[in-house]
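Trainee: Input: one structure, supplied below.
2 protein chains.
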Amino acid sequence: MEDPLGEHYIIELYDCNSDVLNDYRKIEDTLLESARIAGATIIDQRFHQFNPHGVSGVVVIAESHLSIHTWPEHGYAALDLFTCSHDMNIDRALDLLKTTFEPADMEVRLIRRGVTNKHLRRLQQPHLEPVAV
Amino acid sequence: MEDPLGEHYIIELYDCNSDVLNDYRKIEDTLLESARIAGATIIDQRFHQFNPHGVSGVVVIAESHLSIHTWPEHGYAALDLFTCSHDMNIDRALDLLKTTFEPADMEVRLIRRGVTNKHLRRLQQPHLEPVAV
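First to last, the protein sequences are chains A and B. Counting in my numbering, the first sequence runs from 1 upward without gaps. Counting in my numbering, the second sequence runs from 1001 upward without gaps.
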């Protein structure tokens, strides 16, 4: 099967360390380091602390992007790692996220983005593919 | 069923107008306008033109984010619209994307992000829900 143009990892972190989920600086450092250890080329970044709580951030990488949105009041963080490179070290990034946010429950799923072959697209309904963590 | 914390629209635009896919300014204007007409509050934005071709962009909104990555050489654009608001006007944004990029094939699917109720999470395996466009 030909490669899709992009691999999009949908990362759900539940029952995290709520202090970390509201720590703007730690979240920014963690996402940038996740991009680096995965082998991504960082182009730009934007992070925002919300009032009363919560942090949103995006890291634009040459390979696409990472994003995070946190809900400290629910112990939850939604992360996305979208890459057009098929040889990034995703496991190293996931390990760092796990160590930093300490989720009691972590779900990672892959969506193949950009299946340009129309026949393959028709044959394979897009789906969320579980990724072992 | 209780609402998830976030609604994440995965938008695949195939066989688009390739000139538009490489038009940095038009892509930036379109994403910002999509955010506005959907009712989002724009906080920040970052767009990048790649060499030899392709544009990446993210718009951070109070409700989460929009992102785009284009592959003009494949006529393809990957868009994401992630919102923690359950009353955004997604249809208006999708109509603008359709009009601007002129995709011959457009697939839109919804992922419910942040199902904080562990029992519901166990019962419902996350999936990609087709959205009519």
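Positions of the beta carbon are idealized from the N, C-alpha and C atoms, including for glycine.
Could you tell me which of R25/A, K98/A, Q49/A sits nearest to Y14/A, measuring between CA atoms?
Mentor: Ranking the options by Cα distance to Y14/A, first place goes to K98/A.
Trainee: Name the chain A residues whose beta carbon is nearer than 9 angstroms to that of L1021/B?
Mentor: Those within 9 angstroms of L1021/B in chain A number zero; the least Cβ separation is about 12 angstroms.
Trainee: Could you tell me the distance, in whole angstroms, from the CA atom of S85/A to the CA atom of T116/A?
Mentor: Distance between the alpha carbons of S85/A and T116/A is about 16 angstroms.
Trainee: Could you give the distance in angstroms between the alpha-carbon of E73/A and the alpha-carbon of E1073/B?
Mentor: Taking the straight line joining both Cα atoms gives about 44 angstroms.
Trainee: If you check the beta carbons only, do H69/A and S1064/B fall under 8 angstroms apart?
Mentor: yes
Trainee: List the residues of chain B that A78/A touches, going by C-beta distances under 7 angstroms, in chain order.
Mentor: Within chain B, the residues near A78/A are G1006, R1113, G1114.
Trainee: Could you compute how far the alpha carbon of T1041/B sits from the alpha carbon of I10/A?
Mentor: 24 angstroms
Trainee: In whole angstroms, what separates the C-alpha of L128/A from that of L1123/B?
Mentor: 16 angstroms
Trainee: What did DSSP end up calling H1074/B once you bin it into helix, strand or coil?
Mentor: Helix, per DSSP.
Trainee: For Q1045/B versus G1054/B, is the C-beta spacing smaller than 8 angstroms?
Mentor: It is not a contact, given that the beta carbons lie outside the stated cut-off.
Trainee: Leaving out five residues before and five after L1081/B in sequence, what residues of the same chain have Cβ atoms less than 6 angstroms from its Cβ?
Mentor: Y1009, L1066
Trainee: Could you compute how far the alpha carbon of A77/A sits from the alpha carbon of D1095/B?
Mentor: 30 angstroms
Trainee: Measuring only the C-alpha atoms, how far is Q49/A from A1062/B?
Mentor: 10 angstroms
Trainee: Strictly below 9 angstroms CB to CB, what residues from chain A border R1046/B?
Mentor: I43, D44, Q45, R46, V58, V60
Trainee: Taking 8 angstroms as the CB-CB cut-off, is Y1024/B touching chain A?
Mentor: no
Trainee: Out of D23/A, R92/A, G39/A, E28/A, state which residue places its alpha-carbon closest to the alpha-carbon of G75/A.
Mentor: Comparing Cα-Cα distances from G75/A to each of D23/A, R92/A, G39/A, E28/A, the minimum goes to D23/A.
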